[in-house]
Amino acid sequence: MFDTSYTQNVGIPSKSTCRLEELQRQVPVVGDKALVDLINGIHVSKDIIRYRKRRGFFGQLIDTLDGSDRQRQLLLDGNLIAGQEALSNWVLELTDSLRISQVALAVTQNSLLEARDAIRSQKQQLHAQQYALLALSQQLDRIACHVSTRFDQLEARVRQLEVRVAANEDLDRIVTAWAAGQTYAKLPWAVQVALLSREIFSSSVAIYELETGDKERFRQLLVNKILADSKHLPKSFFGLADLLDQTWTEIAKGDRELVADLLEVRSVPFQRIVNTPYLFVIGTTLELVNLPEAARPSKPGQSAIALCHAQVDKISRTTDAREFVTNIVEETANNCLAII
């Protein structure tokens, strides 16, 4: 009969094997002793087989009769069975050990494959994050540029508003003081226009025109304010020479030299003189007036216009209040900007 205990041992350690393993853990030399016993059993079996081969016919007959051959056969079979059982248990243990190793290798391989897939996935995520960060960085750069541009525009508008407010305040302050008779009150009208225009364009109004390029707003506003506050101006055309001669006669003798110094044109570079003919004739008229009576022309205004035609540029001999004020304001403003 086939021993079923052997089939039960396949994959399942026997009780004897478990006891042997436990004993071997407690007494390590047990394993060596079992191996020595297995080798000794193999040697005993070999000796028995060798002895039986050397026995003759009568010797084998005697061994059969007295039962010694039977005993040797049982001993041989026992040794063989014990050796086969030990070898079978060791093979099963080795198989189990190999199976465990294969399972461990498979688990390790799966873990490595999972780790590789995780690394690849992480790498892809990192690439995606890098692209996202790059796109975000570019978007932030665009936003920063837009914000910077917008901020610069707002700063420019704020600066323009500040300059405009300052120019308005200076214009109102200067014109209000003039209209109230606090400034230039004792001077003739033509001289007041020239000096008032110079004061205006020596203030924040000039800064406004330089930074904004707007050369109409405050010039036109000043012309209208002067005309509105000068009720006694002639309403029709008049001769420019007559206005100049009337102007110097209205200046007190003690103030003529001061006014002439304020409006003198001899120290002004020629490249600026050519752009200010009205200021030239006013300043030249006052300069001629301050000459000794023997050298003074009878009509300094006409003489000034003649010098202007000869040295500077042609100038109309007739004008009206708006044209005269506008020319004085424009020339004064341009001259102040040129100086700045």
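Residue numbers in the sequence shown follow our numbering, run continuously in steps of one, and reach 326 at the last position.
Note that CB positions come from ideal geometry on N, CA and C, so glycine has one too.
Note that the structure is predicted; figures quoted are calculated from it, not measured.
Shown here for ILE301: same chain residues with a beta carbon closer than 6 Å to its own, the five before and five after excluded, namely PRO263 and CYS294 in chain order. According to the DSSP assignment, LEU173 belongs to no alpha helix (DSSP H), since it is labelled neither H nor E. Its chain contains LEU173, VAL177, ILE237 and LEU272 as the residues whose beta carbon lies nearer than 7 Å to that of VAL245, once the 5 sequence neighbours on both sides are disregarded; these appear in chain order. Comparing alpha carbon positions, the residue from PRO255, ASP228 and GLN257 closest to PRO286 is ASP228.
Below 8 Å, too few C-beta pairs join the region 277 to 285 and the region 185 to 193 to call them touching: fewer than three.
Residue environment: ILE212 is assigned as buried (16 or more neighbouring CB atoms within 10 Å of its CB, all protein chains considered). In the structure shown, GLY225 adopts extended strand secondary structure according to DSSP, grouped into three states. Under DSSP, the beta-bridge partners assigned to THR304 are GLY225. If you check the CB distance, VAL311 and VAL149 do not come in under 7 Å. Between THR318 and LEU265, the beta carbon gap of about 7 Å places them in contact (Cβ cut-off 8 Å). Assignment of alpha helix (DSSP H) within the region 189 to 223, counting only whole runs of 4 or more residues, yields 190 to 198 and 203 to 215 in chain order.
In the assembly as shown, CYS131 is an exposed residue. Its beta-carbon has fewer than 16 other beta-carbons within 10 Å. Counting along the chain, ALA246 sits inside the alpha helix (DSSP H) bounded by residues 239 to 248.
The C-beta of ASP156 has 16 or more other C-beta atoms within 10 Å across all chains shown, which makes the residue buried. Inter-residue distance for PHE256 and ASN321 is about 12 Å (C-alpha atoms, whole angstroms). Three or more beta-carbon pairs drawn from the region 157 to 172 and the region 197 to 213 are found closer than 8 Å, and the two stretches are therefore classed as touching. DSSP places PHE266 in the helix class (H, G or I) of the three-state scheme. Look at SER284 here: in three-state DSSP terms it is coil, with no helix or strand label. In the three-state DSSP reduction, ILE67 falls in the helix class (H, G or I). Per DSSP, the unbroken alpha helix (DSSP H) holding ARG258 starts and ends at 256 to 259. Taking the Cα of ILE186 as reference, the smallest distance to any Cα among VAL254, ASN154 and GLN125 is reached at ASN154. Pairing VAL254 with PRO220, the inter-Cα distance amounts to about 31 Å. In terms of CA proximity to ARG203, VAL315 leads the group ARG252, LEU99, VAL315 and ASP103. Taking every protein chain shown into account, the CB of GLN288 has 16 or more other CB atoms within 10 angstroms, so this residue is buried.
Distances from the alpha-carbon of THR233 to those of ASP200, ILE259, SER216 and ILE268 put ILE268 closest. Assigned with DSSP and collapsed to three states, PHE137 falls in helix. Closest by C-alpha distance to ASP231, out of GLU243, ILE291 and ASP200, is ILE291. The C-beta distance from ARG303 to LEU226 rounds to 6 Å, short enough to fall under 8 Å. Ranked by Cα distance from ILE326, the options ARG184, LEU207 and TYR170 are led by ARG184. Taking C-beta atoms as the reference points, ARG258 and ALA324 count as a pair closer than 7 Å.
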